[in-house]
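Protein chains in written order, with my numbering: chain A, 37 to 318; chain B, 111 to 843.
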Amino acid sequence: MTISRTLSPALALTLAAGVVALTLVPASPAVAAEPDLGGLIRDRAPAIVSVKFLMKSEQGEEEQETVGVMIEGDGLILTSNAALGGMMRPAPLTTDMKVMVGDDTQGVDAKVIARDTELGLAWIKVDAAPASPFASVDFASAAQPKVGDEIFTVSLMGKFFDRAPIVARGHIASVTAKPRALLIPSIGLAGGEFGLPVFDDQGRIVGVTTFVLPDREEMEANPSGMRAAMRGIVGSMILPAAEVVAATARAKETAASGGGEAAVEGSEAGAGAPVETPVAPK
Amino acid sequence: MMRRAPSAPVLRALAGPALILAAASGVTVPGCASASRASAGAPTASAPAASPTTAVKADPDRLREDMRLLVGRARDRVFPALVNISVVTVNYWGGKETKGGQTGSGTIISPDGYILTNQHVVDKGKKFRVTLADRREVPATLVGEDPLTDLAVIKIDGGAAGLAAASFGRSAALETGDYVMAMGSPYSLSRSVTLGIVSNAERVFTSGAGGDEVEEMEFDAGRTGLFTTWIQHDALINPGNSGGPLVNLRGEVVGVNAMGGNSLGFAIPSDLARDVAERLIKDGEVVRSSIGLALKPIKRSQFTEGVVVNSVVKDSPADRAGLKAGDLVTSIDGAPVTIRFAEEVPPLVRAIADRPVGTSIALGYRRGTTPGEAVVVTEKLLKEIGTQSSLRQWGFSAQEITERMARDLRLTDRSGVFVSGLREGSPAQTAEPALQYGDIVRSIDGRPVPGLEALVATYTEIMAKDPIPEFVMLGFDRGEKNQITLIEPRPDKKEDPPREVPKGWVGVATQPVLRDLAARLGHPDTLGFRVSRLYPDTLAVGSDLLVGDVVYAVNGEKIAPRGMQDSGMLQRKFRTLPTTGDTVLSVIRDGEKRDVKVRLERTRIGPDEAIKDENKDFELNVRELTFFDRDDYRWDATVQGVLVTNVEGAGWAGLAGVGERDLIQRINDHDVADIASYRKAMEALAKSQPERVTFGVLRFNRTYIMFAEPEWKPEAPVEKEGAAAPVPVANGR
């Protein structure tokens with residue numbers, strides 16, 4: 037920029053400052069784009085599945101249906117342990133399980149291969165590998181949301197509504213480190229349903245809805261005032277995707293180690309795996 | 111399950127355990143028994159007759175002694191024949207077969223072991239055990255039952271040596287005021303006696319404002335009391351007295367106690383009971399005739415003679431002969447008949463029912479002013495409640511359609527089977543469309559199902575196939591609609607629960623050390639978790655960790671509880687660690703900080719993950735013993751066995767005394783260390799089928815030896831209701 041010599045130094049300086057000032061004034065902020073909910077449903081709904089099963093408890097048998105999310109194309113599904121009766125005591129058996137993918141209303145045979153009651157998760161595997169991989173959600177490529185970020189869940193309606201996909205919207209209301217790393221959604225996200233994948237406004241996976249109770253010893257140590265102790269929680273919580281990935285790795289190990297037969301005395305079984313009885317070293 | 115007819119007195123049968131109290135209100139009590147009843151031969155206490163002008167000068171002490179001797183003599187004549195009866199029953203509810211138990215009383219009526227009791231004592235019974243007067247317990251078999259009179263006969267298997275039998279007295283000789291004794295097992299207190307008097311020797315239960323309708327009572331097996339004029343008395347009876355004798359002071363059985371409550375007792379008269387017992391012993395059933403009429407006394411009518419036809423069953427002999435409701439029957443086979451009062455109905459009804467089947471009866475009647483005669487040919491009175499079967503793998507129970515059912519349901523015929531219950535979640539209940547209670551199954555895979563036998567045969571045939579067909583098509587009627595559905599049979603299969611994902615664990619129990627406690631312990635700036643216990647048989651025991659150590663860091667990461675809500679923080683931290691390898695715990699011990707290395711291990715199996723086993727023969731569910739079970743019960747590693755989680759009370763194991771939370775340690779010669787050895791022992795039993803099975807169990811810290819007496823039978827896919835001889839149906843229908 038050339039400032040004329042004929043101007044007084046003060047005026048020149050003032051003019052220069054004005055030009056600089058003009059160049060420093062920012063432009064008007066751009067309006068944030070509304071998330072493409074239709075696109076979210078279109079892209080993510082194929083990985084959401086219905087799971088039908090018989091719940092056998094001491095009270096009898098009952099047919100139940102819940103939703104889950106396909107996390108691997110060969111038929112590994114993540115769902116809520118609570119939806120499978122995992123919070124009942126004693127926990128019921130789930131049998132005659134069928135997974136309905138897409139338009140299939142008959143379903144393919146499947147079974148629960150592992151549970152993590154602490155995290156509120158259960159893993160289901162279809163019995164027969166599909167001819168081509170199922171649509172799935174990759175939890176490894178996760179977003180890292182913060183408080184205030186918009187989030188969405190995709191679920192399926194009930195059979196009376198032809199199991200049509202449904203999207204719910206909310207935001208991250210809090211991020212906790214205790215009792216564990218959890219994202220707390222705003223009230224009403226997903227209607228309190230568990231086992232649903234949660235996405236950010238770009239359609240990236242954030243985590244899965246779940247419900248985690250305090251440990252038994254914590255509940256025993258706090259016999260009254262539980263409601264106050266759980267203040268802020270209405271409906272579900274979100275287990276971050278990274279936690280889901282770690283838990284899934286452990287679940288697959290558990291399932292691969294056998295599943296079913298009694299453990300060696302005194303030790304936790306990965307069912308059937310010859311686990312050495314821990315012996316206190318002398 | 112028992113229904114009561116509208117406005118009937120709320121009286122219930124006295125089979126234990128339930129007694130429903132009689133509701134005196136609402137009962138219309140007919141007038142006293144006719145004064146013209148014969149009283150010849152009826153023994154009473156030997157008190158001299160007194161007139162208003164003659165003072166009774168009896169010696170009270172002598173009277174008491176005489177009474178004591180009379181009661182004692184009567185007792186001694188019947189007690190040896192008095193028995194307690196225990197019954198294992200099979201009921202159908204929700205499409206499932208469930209076992210139950212009931213008890214009652216009975217009287218041995220012949221030296222070869224026939225026992226008279228109430229039908230409701232043996233109703234749905236599959237297994238009968240009789241406790242004799244000398245306390246021997248012997249098995250018995252059902253000979254026959256007659257719901258219409260609520261009477262049944264069972265027989266001691268194989269006879270038993272030295273059986274005493276009671277003798278019958280004439281119930282027709284009883285009069286109001288006569289002393290009677292009720293003997294039996296109230297509340298299972300065997301060999302009990304109470305004393306009272308006859309309050310009314312020919313009681314009937316009526317309904318209607320004028321008390322002129324004989325009330326029909328409904329027990330689980332159908333209507334009852336149609337032929338009975340009850341002996342009402344006040345000898346106290348309670349649940350368990352059912353089937354026991356009502357005895358006069360001569361020691362003769364004059365009745366069979368059946369109902370009671372609120373200090374009222376009702377017994378079936380021995381004259382009726384003896385006749386029914388003889389017929390049951392001879393034929394296994396009581397064959398009766400039916401003409402399809404219900405009768406009503408003329409008490410409140412304009413008539414001075416005859417008996418009113420209350421209703422005519424469609425297509426019955428009376429219907430075919432042209433009789434109609436409202437007709438006045440005036441003669442039977444030429445003999446005039448007049449029924450004024452309700453008490454007179456049962457004997458007439460019985461007289462008709464006792465005619466041989468196929469007999470012609472000429473009924474003179476009047477319709478308005480026009481006389482007429484109808485000749486009816488009696489038909490066999492058919493049973494009211496159909497047999498049931500449970501088709502376990504399809505998940506529903508089915509019932510034979512009786513004539514009465516067909517009539518009540520307005521069916522055109524008796525073909526097909528009635529769906530009497532569905533199991534939740536079963537193939538029948540999850541079919542599309544699902545079966546429902548009340549459906550009439552007509553066909554299976556296109557094959558007609560004429561009745562229950564055919565259904566069972568077809569089901570058995572299909573389920574025996576290998577492989578079982580994927581779908582079975584059932585044709586059924588729902589009301590007027592004919593529908594079809596596909597059932598997907600689900601064979602029984604053992605399912606084990608999925609395992610929890612194992613996580614890191616250290617075998618310690620801890621308590622949070624919060625600020626105030628930390629200050630008291632001398633380290634106010636360091637919060638943590640005080641070790642309160644080292645679990646035995648864990649790797650923590652072999653480490654340098656001690657009770658009293660306060661853990662404040664794990665692998666260098668501080669861990670500080672802020673309140674009791676953080677009680678689980680340390681264990682939660684362990685669960686984020688691997689299941690093998692070491693962890694370093696930083697602890698404060700005696701004021702000094704130090705690091706302690708502890709080997710990690712996997713979280714222990716909880717009850718939900720424990721391998722389970724369900725044994726249908728013994729109706730017993732067990733699971734493997736877990737680490738925490740041992741800890742709860744303070745059982746060390748040497749204690750082995752399987753823990754009972756559920757046992758059917760009336761199943762073989764339940765009857766032996768095995769209960770929930772028992773630890774089964776031994777079965778006959780087999781030690782039971784775990785689920786595998788338990789399953790092996792049970793398989794061996796199923797193969798050898800011994801008469802007796804001995805369980806050695808540990809209950810808390812005491813051992814018990816229990817004896818089961820299984821009744822081995824082939825594993826049947828169909829459970830059939832305890833086969834009762836076909837029972838004829840009631841009066842006039």
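From the three backbone atoms N, C-alpha and C, an ideal C-beta is built for every residue, glycine too. In this text, all values refer to a predicted model and were calculated from it rather than measured experimentally.
Can you tell me whether DSSP reads residue i as helix, strand or coil?
i, result
"residue 263 of chain B", "strand"
"residue 786 of chain B", "helix"
"residue 103 of chain A", "strand"
"residue 70 of chain A", "coil"
"residue 82 of chain A", "helix"
"residue 251 of chain A", "coil"
"residue 622 of chain B", "strand"
"residue 854 of chain B", "The question about residue 854 of chain B has no answer here: the residues shown for chain B are numbered 111 through 843."
"residue 319 of chain A", "There is no way to answer for residue 319 of chain A, as the model of chain A reaches only from 37 to 318."
"residue 223 of chain A", "coil"
"residue 379 of chain B", "strand"
"residue 75 of chain A", "helix"
"residue 627 of chain B", "helix"
"residue 295 of chain B", "coil"
"residue 396 of chain B", "coil"
"residue 745 of chain B", "coil"
"residue 434 of chain B", "coil"
"residue 123 of chain A", "coil"
"residue 312 of chain B", "strand"
"residue 186 of chain A", "strand"
"residue 563 of chain B", "helix"
What in chain B is Cβ-close to residue i, meaning under 9 Å?
i, result
"residue 96 of chain A", "204, 206, 533, 534 and 535"
"residue 148 of chain A", "607 and 608"
"residue 292 of chain A", "Per Cβ cutoff of 9 Å: no residues; residue 292 of chain A is ~11 Å from chain B at best."
"residue 217 of chain A", "Here the premise fails: no neighbours, minimum Cβ distance about 10 Å."
"residue 151 of chain A", "607, 608, 609, 610, 611, 718 and 719"
Please list, in chain order, the chain B residues whose beta carbon lies closer than 8 Å to that of residue i.
i, result
"residue 254 of chain A", "674, 675, 676, 677 and 678"
Is residue i near the ligand NAD, judged by its Cβ being under 8 Å from some heavy atom?
i, result
"residue 349 of chain B", "The ligand NAD is absent from the structure shown, which contains no ligands of any kind."
What residues from chain A crowd round residue i, counting only those whose CB sits closer than 8 Å?
i, result
"residue 502 of chain B", "By Cβ distance, chain A contributes nothing, its closest Cβ being about 12 Å from residue 502 of chain B, past 8 Å."
Anything in chain B within Cβ reach of residue i, meaning under 7 Å, just list it in chain order.
i, result
"residue 154 of chain A", "685"
"residue 286 of chain A", "611"
"residue 132 of chain A", "600"
"residue 283 of chain A", "611"
"residue 90 of chain A", "535"
"residue 209 of chain A", "None at all; the shortest Cβ gap to chain B is about 20 Å."
"residue 265 of chain A", "675"
For a contact meaning CB atoms closer than 9 Å, what does residue i contact in chain A?
i, result
"residue 717 of chain B", "125, 126 and 127"
"residue 681 of chain B", "251 and 253"
Could you name the residues of chain A that residue i contacts, counting a contact when the two beta carbons are closer than 7 Å?
i, result
"residue 540 of chain B", "99"
Give the C-beta separation of residue i and residue j to the nearest angstrom, bearing in mind that I take them to be a contact with Cβ-Cβ under 8 Å.
i, j, result
"residue 332 of chain B", "residue 495 of chain B", "5 Å"
"residue 408 of chain B", "residue 476 of chain B", "About 12 Å separates the two Cβ atoms, so there is no contact after all."
"residue 586 of chain B", "residue 550 of chain B", "6 Å"
"residue 269 of chain A", "residue 242 of chain A", "Residue 269 of chain A to residue 242 of chain A, Cβ: 18 Å. No contact."
"residue 372 of chain B", "residue 351 of chain B", "Not confirmed; about 14 Å, so no contact."
"residue 355 of chain B", "residue 188 of chain B", "6 Å"
Please compile the residues from chain C whose C-beta is within a distance smaller than 7 Å of the C-beta of residue i.
i, result
"residue 257 of chain A", "Absence of chain C from the displayed structure is noted, the protein chains being A and B."
Positions along the segment 614-644 of chain B whose CB lies within less than 7 Å of some CB in chain A: For the segment 614-644 of chain B, which is checked against every Cβ of chain A, not one residue is closer than 7 Å.
Using 8 Å as the threshold, is the segment 296-312 of chain B in touch with the segment 276-286 of chain B, meaning 3 or more CB pairs across them? yes
Are there three or more Cβ pairs, one per stretch, closer than 8 Å when the segment 679-691 of chain B is compared with the segment 654-665 of chain B? yes
Of the residues that make up the segment 738-759 of chain B, which ones have a beta carbon closer than 9 Å to any beta carbon in chain A? Listed by position, the residues of the segment 738-759 of chain B near chain A (Cβ gap below 9 Å) are 740, 747, 750, 755 and 756.
Say whether the segment 484-496 of chain B touches the segment 441-457 of chain B, bearing in mind that this needs 3 or more beta-carbon pairs closer than 8 Å, one atom from each stretch. no
Proximal residues, the segment 579-600 of chain B versus chain A, C-beta separation under 7 Å: Those residues of the segment 579-600 of chain B that come within reach of chain A (Cβ to Cβ, closer than 7 Å) are 600.
Tell me whether the segment 464-472 of chain B and the segment 380-399 of chain B touch, counting them as touching only if at least three CB pairs, one residue from each stretch, are closer than 8 Å. yes
Decide yes or no for the touch test of the segment 558-569 of chain B against the segment 495-504 of chain B: beta carbon pairs closer than 8 Å, at least 3 of them. yes
Are the segment 764-773 of chain B and the segment 696-707 of chain B in contact at 8 Å, needing three or more beta carbon pairs? no
Measuring CB atoms only, is the segment 276-290 of chain A touching the segment 170-180 of chain A, in the sense that at least three cross pairs come out at less than 8 Å? yes
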